[in-house]
Amino acid sequence: MSGDGEPNAVVAQWLRLWRAFDGLARDTLWSGAHDFLHLITAFSSFYLLQRSLAVEEYGAYIGLYGLLGAFGAMSFSGPGLALLQRLMGEGDEPDEAFRSFLSLSLLAGAVVAVIAAPLAMVTLELTTVEILLIVGTEILAVTVVFLASIAVQARSGFPAAIRVNMAVIPMRLGTLLFLFATDSLTIRNLAAGYGLCFTLYGVYLWRVHLPRHGYRASLGRPSMLSLRASGMFSAPMGASKLQTDGDKYLLNAFRHGVDAGLYGAAYRMVLLGTMPLLALETAAFQRFLPQGDGERGLHLRRAVRLSAMMLVASVVVAVGIYITLPLFDFLFAEEFKEAMDIVPWLLFLVPLVSTSGTPLNGLLGLGLPKVRMWIYIASAVISLALYAALIPAYSWRGALIGTLVSEVVLSIVGWAALWYYQKRADEQGPAGGDDAEDLAEATSPV
1 MSGDGEPNAV VAQWLRLWRA FDGLARDTLW SGAHDFLHLI TAFSSFYLLQ
51 RSLAVEEYGA YIGLYGLLGA FGAMSFSGPG LALLQRLMGE GDEPDEAFRS
101 FLSLSLLAGA VVAVIAAPLA MVTLELTTVE ILLIVGTEIL AVTVVFLASI
151 AVQARSGFPA AIRVNMAVIP MRLGTLLFLF ATDSLTIRNL AAGYGLCFTL
201 YGVYLWRVHL PRHGYRASLG RPSMLSLRAS GMFSAPMGAS KLQTDGDKYL
251 LNAFRHGVDA GLYGAAYRMV LLGTMPLLAL ETAAFQRFLP QGDGERGLHL
301 RRAVRLSAMM LVASVVVAVG IYITLPLFDF LFAEEFKEAM DIVPWLLFLV
351 PLVSTSGTPL NGLLGLGLPK VRMWIYIASA VISLALYAAL IPAYSWRGAL
401 IGTLVSEVVL SIVGWAALWY YQKRADEQGP AGGDDAEDLA EATSPV
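For what it's worth, the numbering used here labels the leading residue of the sequence shown as 1, then goes sequentially.
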């Protein structure tokens, strides 16, 4: 390269880095704005539900959402992220892809609802009506909203997608405040209000908003392509949700209803403090989807940089929550005061949960979704085995130990896998073998 060319190349590289950082900063701000509004709703829900529900009832409510987190990941979150990869990474025809993935998600949601509802009825101290309303709302109604936001993101960018999701927040908050103000805040009424709002909003997105972004929304027969691609995301997401939220459900299933309520309240308190971390992680996820241009060490460097930021931020958050915890005593109703003693133990999870998924996202950039999937599944199996062994005798302490151990395993195995496969990619080119064949099947037209 000539002397004149080298400075130009350096300037061009710095401009690329700045544009990448500027885009991440913009997306993080939008995600942060969404999460700030969500934080207000979450604080309101946390405060008001404790004053309207008994501890056991609150524990069962949290337990149902712990169960539905895994089912929702498999029915709409996984297909949604697969749709994002197809539209942004593979350049599929938007209308055809959206129709196929939305149809698949609704069909999967119906199957999931048939499984989840009876399971909840025999294990949770909630009424049949309450369970059916929550399952229908959080599995079926939410599907249309989530898939619509993904479609908008692929066509119009991350901020446009965030705006779709932000509209849900006043619906939740308004319903919650109205019911509390009229002294009618019950699980049944809350679920019914959410269901009505989300259904009407889904119709609006379908008939009005998606056409504005160039989509002709319709349903059709899901393709085998959408099924295979969704599986690569649904399985690890469902496994991850089981690992982080399955303990709340199992505390109820093993008849530790009071402890489930206290543990759930303490866990919600910690989650409220970690929402800024989720904003950064959400904004950064799509940057791992492209497989890159063969640059050596690309995905390992991306993962290290993001994890370093997340680790520093998570430690600051955890320390901040510990120091300021006495100031938040007012948030806990008298029946829930014991949850304050659980919160400090949960703070060990903050840096683990905030960083454990980053190396596994790096595997996506290397074209290794199957490796990522099996790591998540193995870690979830470990956590469920520990929950089953420890929760009956040790209640929430067993749940905490199971989560800590499985998160440590997930992090160690994830970083080891990313280092190994990045090194192999640098030395030998893209990964071959069965995983490459599965990836080709999941990302190639049928």
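Glycine included, every Cβ here is placed at the ideal spot set by N, Cα and C. For clarity, every value in this text was computed on a predicted model and none was experimentally measured.
Look at the alpha carbon of residue i and the alpha carbon of residue j, and state the distance between them as a whole number of angstroms.
| i | j | result |
| --- | --- | --- |
| M88 | M74 | 21 Å |
| F158 | L49 | 32 Å |
| S100 | S226 | 7 Å |
| I169 | V381 | 34 Å |
| V152 | Y394 | 46 Å |
| Y267 | L173 | 20 Å |
| T358 | L352 | 11 Å |
| T127 | L53 | 14 Å |
| L119 | E138 | 16 Å |
| F36 | Q428 | 45 Å |
| V122 | Y194 | 24 Å |
| D247 | V413 | 22 Å |
| L306 | L298 | 12 Å |
| D426 | V409 | 26 Å |
| D183 | F330 | 21 Å |
| A253 | G91 | 45 Å |
| E130 | I187 | 6 Å |
| M454 | V319 | As shown, the chain starts at 1 and ends at 446. That puts residue 454 outside it, with no answer to give. |
If distances are taken between C-alpha atoms only, which option among the options comes closest to residue i?
| i | options | result |
| --- | --- | --- |
| G273 | A416, F328, A116 | F328 |
| E93 | H34, M237, R216, P236 | R216 |
| N189 | S383, Q428, I134, L250 | I134 |
| S240 | G69, L200, S45 | G69 |
| E334 | R51, F180, L177, L179 | R51 |
| G402 | A303, A416, S411, Y387 | Y387 |
| S45 | S406, Q243, V208, L179 | L179 |
| L242 | F348, Y65, L347, L331 | Y65 |
| S230 | M373, R397, N361 | M373 |
| G220 | N361, L104, V350, L67 | L104 |
| E57 | E407, R305, G257, L360 | G257 |
| A167 | F254, L325, A33 | A33 |
What residue does the alpha helix (DSSP H) around residue i start on, and which one ends it?
| i | result |
| --- | --- |
| L107 | 94–123 |
| D341 | 339–346 |
| P351 | 349–355 |
| S383 | 369–394 |
| S149 | 142–156 |
| A181 | 168–181 |
| L331 | No alpha helix (DSSP H) holds L331; DSSP gives it neither H nor E. |
Three-state secondary structure (DSSP) at residue i?
| i | result |
| --- | --- |
| G66 | helix |
| P236 | helix |
| T186 | coil |
| A192 | helix |
| S75 | helix |
| S307 | helix |
| E427 | helix |
| E295 | coil |
| Y420 | helix |
| G59 | helix |
| F495 | Here the chain comprises residues numbered 1 to 446, so residue 495 is not present and cannot be evaluated. |
| F43 | helix |
| P222 | coil |
| G214 | coil |
| L84 | helix |
| T127 | coil |
| G202 | helix |
| G362 | helix |
Any Cβ of chain C within less than 7 Å of the Cβ of residue i?
| i | result |
| --- | --- |
| I115 | Structure shown: chain C not included; a single protein chain is present. |
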